[in-house]
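Inspection log for the structure reproduced underneath, given as structure tokens.
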Amino acid sequence: ETLGAGGYIDRAEKKGAQVTIVVVTDGNKHGLKVIRHQEEVKAVALLGVHEDQIIFLDYPDGQLRQFKDDFTLKLDQIMVDFGPTVVLGTHPADIHPDHAVVGEVIDATTGKLIHKPLLYQFLVHYHRYPRPEGFHPISYLLPPVKLISTDNPWQKFTLTNEEQNDKNEAVLQYKTQLAHKNPFLRGLLFSFVRRNELYVIVRPQ
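Mapping the sequence shown onto the numbering used here, position 31 (from 1) lands on 117, and the numbers just tick up by one.
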């Protein structure tokens, strides 16, 4: 959520919107569940979100498809309880398997609601995306050519300097990922600190 929607969340909080963040997997692939939870709380706090606004579902990292039915039931209930007018989440074309499942389930779950929310979905992992890779704060995110469609157009959400700075500070809280031996992961995290965020509009109101 910080990478794909940190700026949007920051602005929503500043405008007084009711925000709930659902963290689906536990980040425990390397035995880091508790630390990852703490990092999440610290990161979104910089975007104005309090710990009691976060729901941790704690599905095993990398195994969400095995729990898709259970996840669907839980998200159905969360949607009914919260009654969102706007939902943001990962895109089903994301090549990270957990992100893809989240995208599929969000799409299906919001479609069941009587009052259908505006649904924005974003990419984190995709072939040669984002470009250029790394920290390029004056650049803009652009959608992958393969995913450009008139049926589901992409929306550019331009960030203010303050929102971009808040997002950068939030990204810096994910210390276990930034310390990862794979330099690609660090580069990926900072690739989303740009002048804009990018969403595909799945279900306009």
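Just so you know, even glycine gets a beta-carbon here, dropped at the ideal spot from N, CA and C.
Put Glu255 into one of helix, strand or coil per three-state DSSP. helix
- Message: From the DSSP secondary-structure annotation, give me the bridge partner or partners of Val108.
- Response: Ile141
- Query: Is Asn238 helix, strand or coil when you go by DSSP?
  - Reply: coil
Checklist entry - With a Cβ-Cβ cutoff of 8 Å, do Asp96 and Asp147 count as a contact? => result Not a contact, by the Cβ cut-off of 8 Å.
Q. So what does DSSP say about Val210, is it helix, strand or coil?
A. Of the three classes helix, strand and coil, the one that applies to Val210 here is coil, per DSSP.
Arg122 versus Pro183 - alpha carbon distance: 19 Å
Among residues of its own chain, excluding the 5 on either side of Tyr260, which ones have a beta-carbon nearer than 6 Å to its beta-carbon? Glu125
Query - Neighbourhood of Gly189 by C-beta, 8 Å cutoff - its chain only, sequence neighbours within 5 removed - result: Gly175, Thr176, His177, Pro178, Ala179, Asp180 and Gln207
* Asked: Quick one: what's got a C-beta closer than 6 Å to Leu89's C-beta in the same chain, skipping five residues either side?
  -> Val210 and Phe278
Quiz item: Out of curiosity, what's the CA-to-CA distance linking Gly197 and Ser235?
Solution: 20 Å
- [ ] Within its chain, find whatever has a CB closer than 7 Å to the CB of Ala103; leave out the 5 residues flanking it on each side and keep chain order.
- [x] none
| said: Any contact between the stretch 218–231 and the stretch 263–283? By contact I mean 3 or more CB pairs, one from each, below 8 Å. | reply: yes
Cross-strand partners of Arg289 (DSSP beta bridge) = Bridge partners of Arg289: Leu205.
(Q) What residue range does the alpha helix (DSSP H) around Gly102 cover? (A) Counted as a single uninterrupted DSSP element, the stretch harbouring Gly102 is not any alpha helix (DSSP H), since DSSP gives it neither H nor E.
Residues in the same chain with beta-carbon distance under 7 Å from Pro218, minus the five sequence neighbours each way, listed in chain order, please. Ser225
* Since Gln250 contacts Gly93 with CB under 8 Å, what's their CB separation in whole angstroms? -> 7 Å
inquiry  = Tell me which residue opens and which closes the beta strand (DSSP E) that Thr176 is part of.
reply    = Val172 to Thr176
Tell me which residue opens and which closes the alpha helix (DSSP H) that Gly189 is part of. Pro183 to Lys198 is the extent of the alpha helix (DSSP H) around Gly189.
Going by DSSP, what residue range makes up the alpha helix (DSSP H) through Asp180? Taken as a continuous stretch (DSSP letters only), Asp180 belongs to no alpha helix (DSSP H), as it is neither H nor E.
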